[in-house]
């Protein structure tokens, strides 16, 4: 299977996103190329202590291996032991301003091969938003853009992928969502290769449309120590999900990926408290009552 069009798309997507984010922040991303002894490598583009982003990373990776990691075959046990090729772009952005939400986006392709058999391929990805102080217009815009990105590939995809996102980015031990969701899909190949790839490209191409208007609205909102403190507390949930549940993190670590690039997704400043609850009626309490509830934002 010729993966060159996929690799070309992913590398150009990374470049486009980084250039757009540099215009917003005013500080350049560090470009850090890396190689993997087992096969392949990638480019990590990272910003820390920027004018807008406290930390952010836009990573491209293209790795190969003789044996598919357990995290990648957990839902497809019949593929265990196959060789693999995996490529994708993954990003997480943590703005400094507590009123500007954290965002995650990922698009990826997997190919599992076995001598004498047809390669098995699938795509995965999505994007989701994690606000600390919720705004209906932000949530509606983000979900509407996700819906529009999928619309030409089937009206059933947005509700299906939205539900999948709500179920995936859920902290079972906390019994709460990580954020206000978006879309998520994995093991996707039902539309055939060309149409599946086209759908993935539409998701990647619409990320900036989904996030930048929200960031521009919130990045200069006044805030104080109370808001920063709550942001750090809620970032703890982000850390818990990425280290306990996230399949991408597990795959990267199990496949021998570059640890610094994999853990780039973690926020730089985080707090945990024992059995803390927001003050009733506060803006912090509103996040729980109005936003972390799996709402139908387009209904």
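In our numbering, the protein residues as written are 14 to 312. Beta carbons: idealized from backbone N, C-alpha and C, even for Gly.
Given residue i as reference, the closest of the options once Cα atoms are compared
i: residue 300; options: 26, 34, 148, 251; result: 148
i: residue 270; options: 172, 27, 75, 127; result: 75
i: residue 186; options: 273, 257, 239, 240; result: 257
i: residue 18; options: 130, 241, 207; result: 207
i: residue 307; options: 209, 191, 113; result: 191
i: residue 272; options: 41, 49, 31; result: 49
i: residue 244; options: 159, 144, 228; result: 144
i: residue 31; options: 104, 100, 62; result: 104
i: residue 225; options: 196, 289, 286, 114; result: 114
i: residue 240; options: 170, 216, 298; result: 298
i: residue 20; options: 196, 160, 100; result: 100
Local conformation of residue i per DSSP, three classes
i: residue 148; result: coil
i: residue 156; result: helix
i: residue 217; result: helix
i: residue 300; result: helix
i: residue 258; result: coil
i: residue 65; result: coil
i: residue 291; result: coil
i: residue 281; result: coil
i: residue 180; result: helix
i: residue 265; result: helix
i: residue 51; result: coil
i: residue 253; result: helix
i: residue 189; result: strand
i: residue 15; result: coil
i: residue 241; result: helix
i: residue 274; result: helix
i: residue 166; result: coil
i: residue 175; result: helix
Cβ separation of residue i and residue j, assumed to be a contact under 8 Å, to the nearest whole Å
i: residue 201; j: residue 137; result: 6 Å
i: residue 140; j: residue 117; result: 7 Å
i: residue 152; j: residue 193; result: 5 Å
i: residue 261; j: residue 72; result: With 8 Å as the limit, residue 261 and residue 72 do not qualify as a contact, their Cβ atoms being about 10 Å apart.
i: residue 268; j: residue 39; result: Residue 268 to residue 39, Cβ: 35 Å. No contact.
Residues sharing a beta bridge with residue i, DSSP
i: residue 110; result: Answer is none; residue 110 lacks a bridge partner.
i: residue 102; result: 73, 120
i: residue 140; result: 118, 196
i: residue 233; result: Paired residue(s): none; residue 233 is not in a bridge.
i: residue 45; result: 57
i: residue 310; result: Per DSSP, none; premise fails for residue 310.
i: residue 206; result: Its beta-bridge partners do not exist; DSSP assigns none.
i: residue 97; result: 78, 125
i: residue 133; result: 125
i: residue 201; result: 136
query = When the Cβ atoms of the stretch 102-117 are set against those of the stretch 164-175, are three or more pairs found closer than 8 Å?
reply = no
task = Spell out a yes or no on whether the stretch 291-300 and the stretch 174-191 are touching, meaning 3 or more CB-CB pairs, one atom from each, closer than 8 Å.
result = no
message = Does the contact criterion of 3 or more C-beta pairs under 8 Å hold for the stretch 217-233 versus the stretch 24-34?
response = yes
message = Assess contact between the stretch 243-252 and the stretch 274-281, defined as three or more Cβ pairs (one per stretch) separated by less than 8 Å. Is contact present?
response = yes
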